[in-house]
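Participant: Residue numbers (our numbering): 1 to 251. Where a beta carbon is used, it is the ideal one built from N, C-alpha and C, also for glycine. Just so we're clear, the structure is a prediction, and the values are computed from it rather than from any experiment. I'd like to ask some things about the structure below.
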Amino acid sequence: MTKPDPRILSPYEKNHLRKYDISEETALQTEKPVEYLTHHVDFCGLDFYVDESVLIPRIETEELVVLAVQTAQKIFDKTKRKLEIIDVGTGSGAITSCVSKKLLELQVPFRITATEISPEALQVAKKNVKKLVPKAEVQFVESNLLEGITQKFDLIIANLPYIPTERIAFLDKSVKDFEPRVALDGGKSGLTLIHTMIDQAKNVVYPHSKILLEVDYTHGYDEFNPVRADWNIVVTPDSNVGVHFVELQKK
Ligand SMILES: C[S@@+](CC[C@H](N)C(=O)[O-])C[C@H]1O[C@@H](n2cnc3c(N)ncnc32)[C@H](O)[C@@H]1O
């Protein structure tokens, strides 16, 4: 049996450990992401608590937050009423917290419903939202996608699992062995949950509502053929073409 290569800490990892007073020796004994050792991660300038029940929020998702805030502002300019927003699969509450912070600053009135299938993740989201945006109106719902949700929303934001199942085995060890499988595995094509959610969304949108999604870089316009009969769809890459963002509006 060959011995695994020793872990080499990146400058980011070293700084991160130093900042939260965790020794490099501790980190070298495991392949755990350093954020799970320190329980801290910076996302959109906010300091989130994370543990192994939640995905560590990724930098590309900060662009989804920017897009969501711009979209929310446009919808508010049109409707002039309190926005109802839903963050499906909130995880650590990263998107909910950052969108809330920005909309509070912009004085756009809103309420966010943050949903999760994982009760442990929902507890982490509650903890982060309470600490980071105590003034935001956020309700937390444990649910499978939009099942049981009956109210309508102006904006649906979802960064659901989108990695095709077969690719999970090839991910970095720090991801596949430590981040929750339920946060990564998007089924055969990566779009299983996403297509189900889009189908359910028909019942919870107004004609002006938008859905914003983060998906895999392999998911282009054609992968949304199954839902094209009902929705206008725009797919755009993020600035590093690491992921795609999808905007849908009901036809
Ligand atoms: C890729 S992670 C994203 C987490 C967070 N939104 C973010 O951007 O960092 C996907 C999240 O969706 C949740 N999830 C998976 N399947 C779900 C389902 N059927 N219904 C609701 N949430 C689900 C996972 O538990 C996980 O927290």
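Tell me which residues share the same chain as Tyr206 and place their Cβ nearer than 7 Å to its Cβ, disregarding the 5 neighbours each side in the sequence.
Facilitator: Taking the first residue of the sequence shown as 1, we reach residue 206 at position 206. If we look at Tyr206 and ignore the five residues flanking it on each side, its Cβ neighbours are Lys152, Asp154.
Participant: In terms of residue numbering, what span does the alpha helix (DSSP H) encompassing Gln123 cover?
Facilitator: Within the sequence shown, numbered from 1, the residue matching residue 123 stands at position 123. It spans 119–132 - the alpha helix (DSSP H) in which Gln123 sits, taken as one unbroken run.
Participant: Count the other CB atoms within 10 Å of the CB of Pro226; is the residue buried (16 or more) or exposed (fewer)?
Facilitator: Against the sequence shown, residue 226 aligns to sequence position 226. The residue is exposed, with fewer than 16 neighbouring Cβ atoms inside 10 Å.
Participant: Using only alpha-carbon positions, find the residue among Pro119, Val99, Glu120 that is nearest to Phe110.
Facilitator: Working through the sequence shown from its first residue, we reach residue 110 at position 110. The residue with the shortest Cα to Cα distance from Phe110 is Val99.
Participant: Does DSSP classify Tyr36 as helix, strand or coil?
Facilitator: For the purposes of this step, residue 36 is taken as the residue at position 36 of the sequence shown. Helix at Tyr36.
Participant: Report the option in Val88, Glu179, Val204, Pro161 whose CA atom is closest to the CA atom of Glu187.
Facilitator: Position 187 of the sequence shown holds residue 187. Before going on, a small fix: residue 187 reads as Gly here, not Glu. Gly187 has its Cα closest to that of Pro161, out of Val88, Glu179, Val204, Pro161.
Participant: Please determine, among Ile8, Asn128, Ile85, Ile95, the residue with the shortest C-alpha to C-alpha distance to Thr30.
Facilitator: Mapped onto the sequence shown, residue 30 falls at position 30. The shortest Cα separation from Thr30 among Ile8, Asn128, Ile85, Ile95 belongs to Ile8.
Participant: Taking only runs of the beta strand (DSSP E) that begin and end inside the stretch 6–93, which ones reach a length of at least 3 residues, in chain order?
Facilitator: Qualifying beta strand (DSSP E) stretches, in chain order: 40–43, 46–49, 83–88.
Participant: Beta strand (DSSP E) containing Asp216: first to last residue?
Facilitator: As a working note, residue 216 is residue 216 in the sequence shown. Looking at the DSSP string, the run of the beta strand (DSSP E) that includes Asp216 is 205–216.
Participant: By alpha-carbon positions, which one of Asn159, Ala169, Asp87 ends up nearest to Val129?
Facilitator: One-based indexing of the sequence shown puts residue 129 at position 129. If we check each option's Cα against that of Val129, Asp87 comes out closest.
Participant: Could you tell me whether any non-hydrogen atom of ligand 1 is closer than 8 Å to the CB of Arg58?
Facilitator: Locating residue 58 in the sequence shown gives position 58, where the first residue counts as 1. Yes, the Cβ of Arg58 comes within 8 Å of a heavy atom of ligand 1.
Participant: Sort out for me which residues DSSP pairs Glu116 with in a bridge.
Facilitator: Within the sequence shown, residue 116 is the residue found at index 116, counting from 1. Answer is Glu142.
Participant: Quick test of your reading: Ile198 and Leu248, contact by CB under 8 Å. State the CB separation rounded to the nearest angstrom.
Facilitator: Here residue 198 is taken as the residue at index 198 of the sequence shown, counted from 1. Here residue 248 is taken as the residue at index 248 of the sequence shown, counted from 1. Going by Cβ atoms, the distance from Ile198 to Leu248 rounds to 7 Å, so yes, they are a contact pair.
Participant: Can you tell me whether Lys176 is helix, strand or coil according to DSSP?
Facilitator: Translated into positions along the sequence shown, residue 176 becomes position 176. In this structure, Lys176 counts as helix in the three-state DSSP scheme.
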